[in-house]
Amino acid sequence: MIPEPQGAEALPSTPARDAASGTGSTPASRAARSAANGAGRPDDAPTPARRRLLQVLTLAEAGLERLDRRGPHRESAARPDAGRGAGGQFVVETARLVLIADRIPHAAPEIRSALHRIATLLAPLARTPERIALLVRHPRTAVPFAITHLAVEQLGASDPHFTATLRRAFATGHVDAVERPPHRRLEAAWLRAQCGGEPVDHTAHRQGSILAAHPHPLHMSLADLHALTHTLFHLTDFGRRELPDEVDPTELRSVLDACLLWHLFEENTDLVAELLTAALLLPGPVSRTALLCRDALDALWTEVGFLPGPGPGRQPKLFGTITGTERETYAFRHDFHTMYAAGLMHAVALGRAPHDVWARPGTPADPGRVGVYSDRWPLWIRLVTRDGPGLPVAPAAEAAIIRAGRDGAYAEMENALLSAPAHGVSPLTVAHARDLLDRHLTSERPDIDARR
1 MIPEPQGAEA LPSTPARDAA SGTGSTPASR AARSAANGAG RPDDAPTPAR
51 RRLLQVLTLA EAGLERLDRR GPHRESAARP DAGRGAGGQF VVETARLVLI
101 ADRIPHAAPE IRSALHRIAT LLAPLARTPE RIALLVRHPR TAVPFAITHL
151 AVEQLGASDP HFTATLRRAF ATGHVDAVER PPHRRLEAAW LRAQCGGEPV
201 DHTAHRQGSI LAAHPHPLHM SLADLHALTH TLFHLTDFGR RELPDEVDPT
251 ELRSVLDACL LWHLFEENTD LVAELLTAAL LLPGPVSRTA LLCRDALDAL
301 WTEVGFLPGP GPGRQPKLFG TITGTERETY AFRHDFHTMY AAGLMHAVAL
351 GRAPHDVWAR PGTPADPGRV GVYSDRWPLW IRLVTRDGPG LPVAPAAEAA
401 IIRAGRDGAY AEMENALLSA PAHGVSPLTV AHARDLLDRH LTSERPDIDA
451 RR
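The sequence shown begins at 1 in the UniProt record's numbering and counts up by one.
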């Protein structure tokens with residue numbers, strides 16, 4: 001049992017839509033336990049962010065308790081692909097969330113208490129005889145096993161024997177003998193460094209990553225976007241390290257903004273949360289586009305009571321009508337990754353306390369640019385614009401260019417480009433769109449120089 005901090009204080013009660021009703025047996029509704037901060041005063045970040053993170057930690061605790069009721073989670077000592085099932089993935093992502101949330105300076109006592117309870121549930125899963133056997137026989141399993149061990153160790157439960165076995169697995173060199181895309185190689189290097197190995201060679205990993213290719217959502221796949229966000233996660237150690245000098249943060253912020261607009265209209269809550277986390281890792285204040293997307297995410301969360309995952313199976317209206325155990329089961333099965341992505345975003349944001357990273361920019365938006373509104377837009381955009389002047393023209397126009405280009409609607413994209421400068425569309429998106437249009441025109445009429 002991992003000892004909890006002492007003297008936990010409950011946060012103000014969560015609004016009705018932020019927590020399931022009738023769930024008296026769930027961790028969220030338990031009386032505050034004796035918890036221990038050890039971190040000094042509570043953080044100065046806004047209470048809503050702490051409340052959201054606590055809701056995600058509640059989901060994590062309930063999920064681990066559900067796994068515990070199903071019996072011991074054991075990997076086969078003969079399977080090097082251990083931990084790739086749904087249960088194993090849930091454990092890995094829970095551990096990552098705990099590891100980053102534990103970095104919050106002066107975290108609220110209730111969050112500290114939740115982290116220690118989760119670590120207690122993770123501990124039996126983190127170090128098992130089967131895992132030790134796999135680390136010896138298949139050192140590459142150090143990558144999926146390291147994060148859970150690190151999370152539990154960081155919260156006070158050391159295991160020198162497992163630590164030594166894990167470090168020896170990383171030291172063999174066999175971890176790098178597995179074919180991985182660049183962002184996964186970076187993740188392995190980051191985990192090795194967290195386990196006391198050699199520091200990450202940030203310059204080398206940046207050169208072989210998607211960051212060196214100057215990506216843009218007009219040409220990116222979902223796998224590319226995942227690579228972009230996770231490269232930033234591990235290259236910056238989730239905000240502990242500055243970007244390499246070779247990375248232009250201004251260009252990168254424009255790329256992330258364009259990706260956010262792409263998935264704002266695709267209703268991909270999962271990727272919007274990951275992109276917002278990546279945006280928080282850049283120096284300086286977040287952009288207006290990031291603020292808009294954060295507001296949309298929060299509005300949907302408040303409306304539904306949860307963050308429904310992406311894809312055609314999402315049913316926010318259905319979720320809003322169910323309660324109790326049925327509600328918990330639905331969330332655990334369908335939406336835990338999306339909730340974890342949002343929880344990670346809040347953990348990174350709170351890690352930058354006492355500053356409010358979501359503070360509005362000091363310079364007001366151009367009042368001459370009238371907002372726009374459409375009943376055909378996704379729910380979360382309609383929610384965030386229903387009581388105001390509408391969606392600002394600049395992001396609406398940029399999203400239209402990106403969507404047209406990705407759909408191959410070149411005439412529509414060309415028309416949108418005509419008004420792009422007047423609407424304040426990002427010059428980076430305009431440049432990529434014009435290049436795409438030029439290449440389309442020359443492919444249709446190779447005898448014509450489209451850039452004349």
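Every residue, glycine too, gets a C-beta built ideally from N, C-alpha and C.
- The beta carbon of Q194 lies closer than 8 Å to those of A146, L150 in the same chain, with the five residues before and after it left out.
- In the three-state reduction of the DSSP assignment, V372 falls in the strand class, which pools E and B.
- A direct Cα-to-Cα measurement between L232 and L211 gives close to 9 Å.
- DSSP places L282 outside both helix and strand once states are collapsed to three, so it counts as coil.
- Residue state for L344 is assigned as helix, using DSSP reduced to three classes.
- Bounds of the alpha helix (DSSP H) holding R192 are 182-194.
- By the Cβ neighbour-count rule, N415 is exposed, with fewer than 16 other Cβ atoms within 10 Å of its own.
- The way I'd put it, the segment 428-438 does touch the segment 202-221; three or more beta-carbon pairs between them come closer than 8 Å.
- Listed in chain order, the non-local C-beta contacts of I402 below 7 Å within the same chain comprise P217, L218, A258, L261, W262, T429, local neighbours out to five positions each way being set aside.
- Taken through DSSP and simplified to helix, strand or coil, L391 comes out as strand.
- Linking T338 to P160 through their CA atoms gives a straight-line distance of about 34 Å.
- Taking the Cα of G156 as reference, the smallest distance to any Cα among A123, E179, V272, A133 is reached at A123.
- For P395 and E61, the gap between their C-alpha atoms comes out near 38 Å.
- When the alpha-carbon of E398 is set against those of T277, A359, V255, R137, the nearest one is in V255.
- If you look at T203, you'll find it in the alpha helix (DSSP H) that goes 202-207.
- Taking C-alpha positions only, T236 is separated from E444 by approximately 43 Å.
- Per DSSP, reduced to three states, the secondary structure at T277 is helical.
- Close CB contacts of L54 within its chain, under the 7 Å cut and outside five residues either way in sequence, are with L11, E110, I111, A114 (chain order).
- For T47, the enclosing alpha helix (DSSP H) has its first and last residue at 47-69.
- Under the DSSP assignment, M413 falls in the alpha helix (DSSP H) whose first and last residues are 410-418.
- Ranked by how close their Cα comes to the Cα of T141, the residues T289, V152, A126, E153 have A126 in first place.
- About 13 Å separates the CB atoms of L344 and L271; that is not less than 8 Å, and the two are not in contact.
- Of the residues assessed, G408 falls on the exposed side of the cut-off, its CB having fewer than 16 other CB atoms within 10 angstroms.
- In this structure, the straight-line span from the alpha carbon of D295 to that of L307 is close to 13 Å.
- The Cβ-Cβ distance between L64 and T94 falls below 9 Å.
- If you look at A157, you'll find it isn't in any alpha helix (DSSP H); DSSP assigns it neither H nor E.
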